[in-house]
DNA sequence: CTAATATATTCCTATATGGGAATATGTCAA
DNA sequence: TTGACATATTCCCATATAGGAATATATTAG
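Chains as they are written, first to last, in the working numbering: chain A, 1058 to 1169; chain B, 1058 to 1169.
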């Protein structure tokens, strides 16, 4: 079997660095595809394809206005990722405090 | 060009559901490969391959003890993901509060 | 209707899987 | 050393890209 489709869920969709960049760009306010093309320097078809993936997993919303289509990030779609990573937060805090403790103990022992 | 390698960074590595499952399992305490195999129901070679990917991006640490190799999650490796998702938090909060406001306004207008 | 503008889709291709099967490597026990 | 146990790696293959080029679709201006 091959890797899971990028359209299968948000985790796969944001594995692509440009898609994260696009989400960052579209979270402050909506932008037309042409603006995204200009901002990223990617080819227009590439941008459209990335937007398609993001839309399929619900990470962006689209709105047509005349010839332009405006996209904006659907921040709520990022929430599952945030929540999953949050479950690890207490562990890295714990690791950091242990490292700090060791450093302090070392400094103390080297004092005299 | 093909998709980015799963070993290119943590974002790609955790795109695979079983790898997230394994990270969850290994965060509380270290486990030998055989235990991971039993816990997940995956084939041993599959588990080894997933562990290899996780190790290449620094998401797990390994320690050999006799014939067994114990793995544990390196929670700090999840931190970049957590921080990236955190930048969206205020936006989904904002979205939610707007939805709530609308709901309340609607309820108010339907009162009489 | 026709041309121009803005996006999306299709086609093609090199590449990176991820699972299964088979095999290799490393470590310990006798 | 030899065999058993625990893991890792290799090989094969179906699949899903992601980028580039070409083309299709949608909408507006004239």
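The C-beta atom is built at its ideal place from N, Cα and C for all residues, glycine as well. In this text, all values refer to a predicted model and were calculated from it rather than measured experimentally.
query, result
"Terminal residues of the alpha helix (DSSP H) in which residue 1156 of chain A lies", "1146-1166"
"Buried versus exposed, by CB contacts within 10 Å (16 or more), residue 1067 of chain B", "buried"
"Residue 1160 of chain A burial status per 10 Å Cβ neighbour count (16 or more: buried)", "exposed"
"Local conformation of residue 1090 of chain B per DSSP, three classes", "helix"
"Residue closest to residue 1098 of chain B, alpha-carbon to alpha-carbon, out of B:1073, B:1158, B:1116 and B:1078", "B:1078"
"Proximity of residue 1127 of chain B and residue 1088 of chain B at Cβ, strictly below 8 Å", "yes"
"Any 3 or more C-beta pairs closer than 8 Å across the segment 1070-1077 of chain A and the segment 1107-1114 of chain A", "yes"
"Length of the line joining the Cα atoms of residue 1132 of chain B and residue 1059 of chain B", "29 Å"
"Rounded C-alpha distance that separates residue 1084 of chain B from residue 1134 of chain B", "12 Å"
"Contact check, residue 1090 of chain B vs residue 1104 of chain B, beta carbons under 8 Å", "yes"
"Cut-off 7 Å between Cβ atoms - residues of its own chain near residue 1075 of chain A, not counting five sequence neighbours on either side", "1097, 1099 and 1107"
"Closer than 9 Å at the beta carbon, the chain B residues around residue 1146 of chain A", "1132, 1135, 1136 and 1139"
"Beta-carbon proximity list for residue 1124 of chain A, same chain, < 6 Å, skipping 5 on both sides", "none"
"Terminal residues of the alpha helix (DSSP H) in which residue 1078 of chain A lies", "1074-1085"
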